[in-house]
Each structure stands twice: as C-alpha cells, then as structure tokens.
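Student: What follows is a single structure, and I will ask about it in a moment.
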Amino acid sequence: MELISMFMLKLKLMNSTRRAKMSAKIILIIAASIAVISSICVSSSDPGLLQDFCVADFTSNVFVNGFPCKDPLLVTSDDFFYSGIDQPRSTDNQLGSNITIVGVNRIRGLNTLGIIIARIDYAPGGLNPPHYHPRASEVFTVIEGNLFAGFITTNSDIGNTLYAKKLQKGDIFVFPQGLIHFQFNIGSKRHYINCF
C-alpha cells in the first residue's frame with residue numbers, strides 16, 4: 001500500500017512538472033506572438049508638424065529642437081526672405097572655394113524645417129574637400145561652370161564604391177545622408193553651385 005502511495009505521489013509530481021513545463025511553453029509562445037505582432041504594428045518617423053511654421057525668436061533663452069517660435073502675430077514676409085545669394089564671394093584661400101550658408105540665422109523661417117541653402121564659389125582648381133553630413137542628404141545644382149563631384153559608399157562588401165560624375169551648368173547631383181562627398185572645379189574659370 002505504501003508503495004502505491006509513493007507511486008501515486010511521484011505520478012502527481014511528474015504531472016505537475018509536465019504541466020509547469022507546458023504552461024511555460026504556452027506563455028513563451030504567447031509572449032513571442034505579442035512581440036511579433038507589436039513590431040509589425042509599430043511605425044517610427046518624425047512627428048507631424050504642429051503648426052504651419054516656427055519662425056525663430058532669437059530673444060528667447062529657451063532652446064528646444066531649434067530656436068523657440070516667434071509669436072505668429074509678429075511674423076512678416078521678411079522672416080522667409082534672404083537677398084544676396086547671387087553675389088560672388090572671394091575664393092582667395094587655400095582651398096579655392098567659399099561657402100555661403102543661408103540657414104536659420106539669415107532666414108528665420110527655416111527654423112525647425114531641417115534644411116539650409118548654400119552657395120559655393122570655386123576658383124579654377126577650387127575644392128570643397130571631402131566631408132559628410134551625419135543627419136542630412138545634400139542636393140546641388142551647377143549654376144555656372146564644370147565640376148567633378150562624387151561620394152563614397154560605406155558598404156565594404158562591395159568595396160566602398162566611388163560614385164562620381166563630371167557636371168556642367170544645369171546639372172543636379174545628390175549626396176546621400178552620411179556619405180563622404182566632395183566637389184572639384186575642373187574648369188579654367190570661376191564657377192558656383194547652389195546646395196540644398
């Protein structure tokens with residue numbers, strides 16, 4: 001009788017262990033299913049705009065994601081305007097180039113938009129040396145002259161490929177975000193481009 005009791009007790013323990021293992025498996029399957037379904041439903045992007053624009057207010061001491069916004073009732077057309085990008089700049093320096101950046105300090109209406117405009121003047125043989133923008137792509141158009149421009153990929157599997165092209169007036173070239181890129185004046189005259 002005692003042997004039967006011990007056998008029954010052992011059987012109960014085995015059944016409870018099996019049930020515990022089965023319960024653990026079921027919980028694991030449910031948790032994995034929830035994780036997979038949650039990851040499919042997740043969307044990640046920059047938040048939508050909360051207002052039409054946020055003209056920079058340089059008088060405030062608060063700095064959150066750019067400059068604080070100017071009171072919309074005080075905004076004027078001049079907050080979205082800059083004159084002078086057509087003016088050539090001196091290229092009398094070691095690189096033979098000059099970059100004029102038009103950002104939020106010159107056009108307050110660019111605040112929080114994530115863009116700038118630039119003009120780059122090149123002397124003959126002038127160079128905008130290799131550089132990169134970790135959080136932005138760059139698009140430029142040749143306004144005057146002939147340039148050699150390119151970028152290098154970071155994919156070592158295909159050998160860090162150079163994508164480069166000779167460009168002339170009216171051509172547009174794109175540098176993807178975070179990739180090292182350059183421009184070089186291959187012409188015999190001064191040239192310039194506009195970048196965005």
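So the sequence shown is numbered by UniProt numbering: it starts at 1 and just counts up by one.
Heads up, the beta-carbon is just placed ideally off N, CA and C, and yes, glycines get one too.
Just so you know, these numbers come straight off a predicted model, no measurement behind them.
1. What's the call for A31, buried or exposed, on a 16-neighbour Cβ count within 10 Å?
2. So, do the segment 133–143 and the segment 101–111 have three or more beta carbon pairs nearer to each other than 8 Å?
3. Can you have a look at F81 and say buried or exposed, based on whether 16 or more other CB atoms are within 10 angstroms of its CB?
4. Would you mind working out which of T154, V36 and L127 sits nearest L147, comparing C-alpha positions?
5. Taking 8 Å as the cut-off, does the segment 85–92 touch the segment 114–123 (at least 3 CB pairs, one atom from each stretch)?
6. Less than 9 Å between the C-beta atoms of F182 and P129, yes or no?
7. From the DSSP secondary-structure annotation, give me the bridge partner or partners of L121.
8. With 16 as the cutoff for other CB atoms within 10 Å, does H191 come out buried or exposed?
9. Would you list the residues sitting across from H181 in a DSSP beta bridge?
10. Looking only at its chain, what residues have a beta carbon closer than 6 Å to the beta carbon of D79, apart from the 5 residues adjacent to it on each side?
11. For the candidate residues I186, N194, N155 and I172, whose alpha-carbon lies nearest to that of G178?
12. Rounded to whole angstroms, what is the Cα-Cα separation between T161 and T141?
13. Could you check if K70 is buried or exposed, using at least 16 other CB atoms within 10 Å of its CB as the buried criterion?
14. Going by DSSP in three states, F58 sits in which element: helix, strand or coil?
15. Give the straight-line distance between the Cα atoms of L167 and N93, rounded to the nearest whole angstrom.
16. Does the distance from the CB of F67 to the CB of D52 come in under 9 Å?
17. Taking the alpha carbon of S188 as the point to measure from, which residue in R89, G145 and V36 has its own alpha carbon closest?
18. Just tell me which of T76, I99, S90 and L73 has its CA closest to the CA of I193.
19. Just mark T59 as buried or exposed, buried being the case when its beta carbon has 16 or more other beta carbons within 10 Å.
20. Need the endpoints of the beta strand (DSSP E) that A164 sits in, please.
Tutor: Result, derived from the coordinates:
1. exposed
2. no
3. exposed
4. L127
5. Contact holds: three or more Cβ-Cβ distances are below 8 Å.
6. yes
7. Reading off the sequence, residue 121 comes out as Asp, not Leu. Listed as beta-bridge partners of D121 by DSSP are N98 and Y192.
8. buried
9. H131 and F151
10. V55, R108 and G109
11. N155
12. 23 Å
13. By the neighbour-count rule (16 or more Cβ atoms within 10 Å), K70 is buried.
14. coil
15. 23 Å
16. no
17. G145
18. I99
19. exposed
20. L162 to Q168
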